[in-house]
Amino acid sequence: MRPLIIIGNWKMNGSLATNQDWVKTVARGMESGMPAGRQFVVCPPFPYLAQCSVLIKEYSLAFLSLGAQDASAHESGAYTGEVAASMLKEMGCTYVIVGHSERRQFHHEVDEVVAAKALQVLDNGMTPVICVGETADERNSGRAEEVVCSQVAKQVNVLQDRLVDCLIAYEPVWAIGTGKVASAQVAQDMHCTIRLQLAEFNDDVASHVGILYGGSVKPDNAVELFAMPDIDGGLVGGASLNPQDFLAICQA
Ligand code: 13P
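Counting from 3, one number per residue, gives the positions in the sequence shown under this note's numbering.
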């Protein structure tokens, strides 16, 4: 049985003061217990990882893990502005998002780079959350499955059996930050396609890998999405900034 995993991706948001309030509110909300068999993760911007790691310990938030939004494809060296996976591990991260569509779009990251980042994350004992997803044009021209399967295939080629220790996040680009959530059935169909594709490679990988949905997940659509057999949780952007909304999604 795959656990339900809810990951909050704060993107480039937060401040020392608002982060403190967020952790305090979430700690209070989680005090009375959380549904069993679930994992919760928060991914603040790099400069706040240390602060959030300390806060999570201070509030004894055993339910909440720390994640990062990206990692370098390189181990160490002259890569100004980049952050190595080993550094994220040292800061207490256990999950790292790689290949987010905003990285692919604004930083021209291609599948080979995404796979190299995933390998760095795995080599440092953390879980890569590999993002895939089609644009509105690609969906409207009937190419959604082809595009997503090609992104997944490139990861399979490089990561092979190590995919068993990864998560995949299906994030249709047209649903990110737009309020246009994929219907639960549209999301389920793509998740099922991805799982069948993984099964062609290795049944064990297909049955173990969690496939999360991301794109305008909110408290009022989370229940329906998470009820789908191949949706193993959510990668939540905007709604994760509000601690009450994040809690409501975690409890959905
Ligand atoms: P929103 O939830 O704001 O649509 O963002 C989704 C996302 O990109 C999470 O990584």
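C-beta atoms are modelled at their ideal positions from N, C-alpha and C, and glycine is treated no differently.
Quick one: Cα of residue i to Cα of residue j, how far?
i	j	result
residue 235	residue 135	16 Å
residue 223	residue 116	29 Å
residue 186	residue 170	17 Å
residue 45	residue 246	16 Å
residue 33	residue 217	28 Å
residue 164	residue 211	10 Å
residue 63	residue 56	10 Å
residue 215	residue 16	23 Å
residue 176	residue 200	24 Å
residue 93	residue 209	31 Å
residue 90	residue 203	30 Å
residue 158	residue 207	10 Å
residue 70	residue 95	7 Å
Tell me the DSSP secondary structure of residue i in three-state form.
i	result
residue 240	helix
residue 15	coil
residue 85	coil
residue 168	coil
residue 40	strand
residue 5	coil
residue 10	strand
residue 137	coil
Flag residue i as yes when its Cβ comes closer than 6 Å to any non-hydrogen atom of the ligand NAD, and as no otherwise.
i	result
residue 238	For the ligand NAD, the structure offers nothing, since it holds only the ligand 13P.
On the premise that residue j lies in contact with residue i, defined as a C-beta separation below 8 Å, what is that separation, rounded to the nearest angstrom?
i	j	result
residue 179	residue 101	In fact, because the Cβ distance is near 17 Å, the residues do not count as touching under 8 Å.
residue 66	residue 28	7 Å
residue 227	residue 238	Actually they are not in contact, since the Cβ atoms of residue 227 and residue 238 sit about 11 Å apart, beyond 8 Å.
**Message:** Taking contact to mean 3 or more Cβ pairs, one atom from each stretch, closer than 8 Å, check whether the segment 117-126 and the segment 138-154 are in contact.
**Reply:** no
**Whole runs of the alpha helix (DSSP H) within the segment 170-236, excluding any shorter than 4 residues** = 186-203, 205-210 and 221-228
**Asked** Are at least three pairs of beta-carbons, each pair with one atom in the segment 223-233 and one in the segment 187-204, less than 8 Å apart?
**Response** Under the 8 Å Cβ criterion, the segment 223-233 counts as touching the segment 187-204, having at least three qualifying pairs.
**Item:** Cβ contact (3+ pairs, closer than 8 Å) linking the segment 92-110 and the segment 15-24
**Value:** Judged by pairs of C-beta atoms under 8 Å, the segment 92-110 does not touch the segment 15-24, as fewer than three such pairs exist.
**Continuous alpha helix (DSSP H) assignments of at least 4 residues falling wholly in the segment 71-119** = 87-92 and 103-108
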